[in-house]
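Please read the structure below before turning to the comments.
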Amino acid sequence: MLSVTNTIGLFGMNAFPVTVEAEVMRGLPQFDISGLPDASIKEARERVKSALASVGVPFPNKHILMNLAPADVKKSGTSFDLAIFVALMQAINVITNDLSDCVFIGELGLSGIVHGIRGTLSMTMNAKRSGYRHIFVPADNIREAACIEGIEVYGVENCIQLLGHLCGDVPLTPAPCRPPESEAVPETVLDMCDVRGQAKARAGIELAAAGGHNILLVGSPGSGKSMLANRLPTILPQMTREEMLETTNVYSVAGQLSKEHPLMTWRPFRAPHHTVSAAGLVGGGSIPAPGEISLAHNGVLFLDELAEFDRSTLEILRQPLEKREVTISRAAGTAVYPCSIMLVAAMNPCPCGYYGSTKKKCTCSAAQVKNYLGRISGPLLDRFDLHVDVDPVEYDDLTSKEKMESSAAIRERVERARDRQKKRFAGMNVYCNAMIPDHLLPEFCVLDDAAQQLLRRIHERYAISARTHSRLQRVALSAADLAGHDTVTREDVAVATQFRGFDSKYLR
Ligand SMILES: Nc1ncnc2c1ncn2[C@@H]1O[C@H](COP(=O)(O)OP(=O)(O)OP(=O)(O)O)[C@@H](O)[C@H]1O
Ligand SMILES: [Mg+2]
Ligand SMILES: [Zn+2]
0 MLSVTNTIGL FGMNAFPVTV EAEVMRGLPQ FDISGLPDAS IKEARERVKS
50 ALASVGVPFP NKHILMNLAP ADVKKSGTSF DLAIFVALMQ AINVITNDLS
100 DCVFIGELGL SGIVHGIRGT LSMTMNAKRS GYRHIFVPAD NIREAACIEG
150 IEVYGVENCI QLLGHLCGDV PLTPAPCRPP ESEAVPETVL DMCDVRGQAK
200 ARAGIELAAA GGHNILLVGS PGSGKSMLAN RLPTILPQMT REEMLETTNV
250 YSVAGQLSKE HPLMTWRPFR APHHTVSAAG LVGGGSIPAP GEISLAHNGV
300 LFLDELAEFD RSTLEILRQP LEKREVTISR AAGTAVYPCS IMLVAAMNPC
350 PCGYYGSTKK KCTCSAAQVK NYLGRISGPL LDRFDLHVDV DPVEYDDLTS
400 KEKMESSAAI RERVERARDR QKKRFAGMNV YCNAMIPDHL LPEFCVLDDA
450 AQQLLRRIHE RYAISARTHS RLQRVALSAA DLAGHDTVTR EDVAVATQFR
500 GFDSKYLR
């Protein structure tokens, strides 16, 4: 008899419906799987055999033929195991229920255990979109699947349990739907009140957080650049539900969700070492896996010691930063991963670290300084909305007993600025000022006359690029949001310009 079982395939972040057609025929004992399966799917034969043994069903000594449709799409991974098992059980009439509105995903272990898989969230979303009413997922992945409303989700621990449910004697109860925000967020001990002095840098970080802007911190050694950047997540606004699902999706596909934290409900902070490879940074592999930039989706990618990174590795970031997604093409196909991030970088201005400092004399030659700064290309520098000079912290600031402002207080202002942005971009795929596409700038960024005049003067005096021009406007709008008004004023433009020192100071 021919049986049909539903499952979901995955390539990159892209889930697609697959049906497993199974037929058991007379003939020499043989188990064939067609439909462009890779080696891991072919190996499913052994796992399914053992699963059958675990539920006490003898393996049919016949010719078993399975086809994964659509047959012209390459398939890989172990998540088809469960559907292959169910298809076989249907074909030999152990399961006789109608399963046409059920989907099965999961990997089988040798004793019939169902192991966790990657990409459950993405697959569950697709199952719902495809109109299925029930989905059976590995018990380990139940939390991801339970985020999705409108489809009944069952967590399966082993084949005996599944068979008990499908044959009707011991039914499983579907997991109640739980939105991601009900999950606890891990605590952090870092706080902005640890950073003494540095008023300008603190203001820069706050402004960047308020609008989701990329920020570059330049300054002498030990001035607190790494310290500031590491505390950025503590002042960023909470993620929205959509953002939580998006980020969890990337981690799920990358297999980076843990048992303790089955969902990503806080903004990720990724700080790859400067020896990271291009594939590690933007993603890669024969079946493309997400890189650091995508693992930072909706959060922060921190590149400490920016000048130490390989220049060509950094250049690869340019396009994804702009498009907010990475496209990776391999022989197996093309994967697209989201990477809407805040890029934060820190560096010294020269090998000795004191170029441009008012406190200590730089001992590098002009050529050395030029060489050092030349490691970062102009176009990449252009992608930082804010450049902040971090001077060594003053003695009085460092030893003062005065309490610095806490992360909680700063975050409140940032949240308020973001609330204005949420209203501004309601119903659009834009979450913050940094994401305003160029063609919508005139609509959202309204400057009063004085602000326009100042912007014109800056443009004429510094010959800034068109990209810098629109970045200045976005930052000025964030300054306006922090100050609590809608029209951008001269002061807001002045604040934004204050954080574009790098071009004139170091690159004369
Ligand atoms: N503004 C500050 N307030 C309090 N402590 C500070 C400050 N700046 C630096 N420190 C102290 O100095 C240490 C080094 O700071 P940090 O690593 O942030 O410097 P950096 O600017 O990243 O230096 P480098 O250029 O060498 O990477 C910190 O761990 C902290 O103890
Ligand atoms: Mg540092
Ligand atoms: Zn120097």
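In terms of numbering that gives the first Met the number 0, the sequence shown opens at residue 0 and continues consecutively. Every residue gets a Cβ at the ideal spot worked out from N, C-alpha and C, and that includes glycine.
Please indicate yes or no: does the CB of residue i lie closer than 8 Å to some heavy atom of ligand 2?
| i | result |
| --- | --- |
| Ser225 | yes |
| Glu42 | no |
| Glu307 | no |
| Ala345 | yes |
| Glu508 | Since the first residue of the chain shown is 0 and the last is 507, residue 508 is not available in this structure. |
If you run the structure through DSSP and keep just helix, strand and coil, what is residue i?
| i | result |
| --- | --- |
| Arg419 | helix |
| Met434 | helix |
| Glu156 | coil |
| Met191 | helix |
| Asp480 | helix |
| Glu304 | coil |
| Leu67 | strand |
| Thr77 | coil |
| Phe15 | strand |
| Pro289 | strand |
| Met226 | helix |
| Ile315 | coil |
| Gly203 | helix |
| Gly167 | coil |
| Asn370 | helix |
| Asp384 | coil |
| Leu446 | strand |
| Thr486 | coil |
| Asn125 | helix |
| Asp31 | strand |
Answer yes or no: the CB of residue i versus the heavy atoms of ligand 1, is any distance below 8 Å?
| i | result |
| --- | --- |
| Arg510 | Outside the shown range of the chain (0 to 507) lies residue 510, about which nothing can therefore be said. |
| Leu215 | no |
| Pro232 | no |
| Ser219 | yes |
| Leu189 | no |
For residue i versus residue j, is the C-beta spacing smaller than 9 Å?
| i | j | result |
| --- | --- | --- |
| Ser33 | Leu81 | no |
| Ile409 | Ala200 | no |
| His212 | Ser477 | yes |
| Lys127 | Ile147 | yes |
| Ala495 | Val474 | yes |
| Leu195 | Asp396 | Before going on, a small fix: residue 195 reads as Arg here, not Leu. Against a cut-off of 9 Å, the Cβ pair of Asp396 and Arg195 comes out as a contact. |
| Thr264 | Pro175 | no |
| Ala21 | Leu87 | yes |
| Ser222 | Val389 | yes |
| Asp480 | Arg419 | yes |
| Ser219 | Pro391 | yes |
| Ala449 | Arg489 | yes |
| Phe10 | Asn125 | no |
| Ile286 | Ser75 | yes |
| Val530 | Gly279 | Nothing can be reported for residue 530, as the shown portion of the chain is limited to 0 through 507. |
| Asp303 | Ser225 | yes |
| Ser110 | Ser53 | yes |
| Ala331 | Ala288 | no |
Run the CB neighbour count on residue i, radius 10 Å, all protein chains shown included, and call it buried at 16 or more, exposed below.
| i | result |
| --- | --- |
| Gln197 | buried |
| Thr357 | exposed |
| His484 | exposed |
| Glu241 | exposed |
| Ala465 | exposed |
| Ala462 | exposed |
| Glu205 | buried |
| Ser121 | buried |
| Arg470 | buried |
| Ser364 | exposed |
| Thr312 | buried |
| Gln89 | buried |
| Val487 | buried |
| Leu454 | buried |
| His438 | exposed |
| Leu506 | The predicted model places Leu506 with a pLDDT of 46, which falls under 50 and marks its position as unreliable; any figure quoted below should be read in that light. Leu506 should be labelled exposed. |
Is the closest heavy atom of ligand 3 to the C-beta of residue i under 8 Å?
| i | result |
| --- | --- |
| Tyr353 | yes |
| Gln197 | no |
| Pro179 | no |
| Pro348 | yes |
| Thr357 | no |
What is the C-beta distance between residue i and residue j, in whole angstroms, given that I count them as a contact (C-beta under 8 Å)?
| i | j | result |
| --- | --- | --- |
| Ala50 | Phe79 | Not confirmed; about 13 Å, so no contact. |
| Phe135 | Val169 | About 14 Å; that fails the 8 Å criterion. |
| Ser293 | Tyr336 | 4 Å |
| Tyr131 | Asn5 | 6 Å |
| Val217 | Arg266 | In fact, because the Cβ distance is near 24 Å, the residues do not count as touching under 8 Å. |
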